[in-house]
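Per our numbering, residue 285 is the first one in the sequence shown, and the count goes up by one each step.
Don't be surprised by glycine CBs; every beta carbon is placed ideally from N, CA and C.
Values in this document were obtained by computation on a predicted structure and should not be read as measured data.
Data first, discussion second: the structure below is written as structure tokens.
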Amino acid sequence: MKTSSLAAALMGLMALNVSARLGDTERQCVERYGSALSTPVMTLSSLMEGADRLAVYEYQGFKIRVAFMGGQVVRQSYQRIKPVDGSLKLTESEIAAILDAERGEGQWVRTSGGVFGGLISPGRAWERSTDKATAHCVTGITLTLDTPAAKEREAAFRREQKEGRSRPVPKF
285 MKTSSLAAAL MGLMALNVSA RLGDTERQCV ERYGSALSTP VMTLSSLMEG
335 ADRLAVYEYQ GFKIRVAFMG GQVVRQSYQR IKPVDGSLKL TESEIAAILD
385 AERGEGQWVR TSGGVFGGLI SPGRAWERST DKATAHCVTG ITLTLDTPAA
435 KEREAAFRRE QKEGRSRPVP KF
């Protein structure tokens, strides 16, 4: 893609506010992107352990994976579907556009790293000033946004798994 085409695509991305906002409902996501794709559970499960529902949307050249809890988006990730100029890495402008769309009433403040999935993540990380939501981009290919509720639920899910608790089996 030529630089001018990339700039035009980026402007469209910024103008349409592409992110499935943290806190949005599934209905709001469908209104923004259309129906979720049919995606194998294995593809989605790595997004968030313990989520109520997981969905994938494709929008303007991006794959957006979304985790819902209590009917609201609590974690989401953005990846390019096709390479631009031979690379799948997100540009600084794309990252800035996503973070800007997700800032709400707060501001994103750059941090030195973050914790994702119980592991310390090197790379670029941000924290939102209003509610301690986080964003991180470890490899440059995926930008993931997280609410504190997502982190708490995932940690509780892991503790339950570690302690050997299982979910009750329904009576069939």
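To which residues of the same chain is residue i closer than 6 Å at the C-beta, ignoring the five residues directly before and after it?
i    : result
V358 : A351, T431, A433 and A434
G318 : none
Whose C-alpha, out of the options, is nearest the C-alpha of residue i?
i    : options                   : result
L306 : G448, Q360, W410 and A409 : Q360
K373 : D384, F346, V453 and S396 : F346
R387 : K416, E333 and R349       : K416
E376 : E310, T423 and I365       : T423
So, for residue i: in the same chain, excluding its five sequence neighbours on each side, which residues have a beta-carbon less than 7 Å away from its beta-carbon?
i    : result
I379 : C421 and L427
Taking 8 Å as the threshold (C-beta atoms), are residue j and residue i in contact?
i    : j    : result
A335 : M353 : yes
G390 : S371 : no
R442 : E333 : yes
Measuring straight from C-alpha to C-alpha, what distance separates residue i and residue j?
i    : j    : result
E436 : P367 : 34 Å
G407 : A419 : 11 Å
L331 : R349 : 7 Å
F456 : Q445 : 24 Å
I425 : Q344 : 16 Å
R337 : A320 : 12 Å
A259 : E447 : No answer is possible for residue 259: it lies beyond the span of the chain, which begins at 285 and ends at 456.
A381 : L429 : 13 Å
A385 : V453 : 41 Å
Below 8 Å on the Cβ atoms is my guess for residue i versus residue j; work out the distance and round it to an integer in Å.
i    : j    : result
D308 : Q363 : At roughly 19 Å, the Cβ-Cβ gap does not stay under 8 Å, so D308 and Q363 are not in contact.
Suppose the cutoff is 8 Å on Cβ atoms and the five residues either side in sequence are ignored; what does the same chain contact list for residue i look like?
i    : result
W410 : L383, W392, V393, R394, T395, T418, A419 and H420
C313 : A304, A320, A339, Y341, V350 and V357
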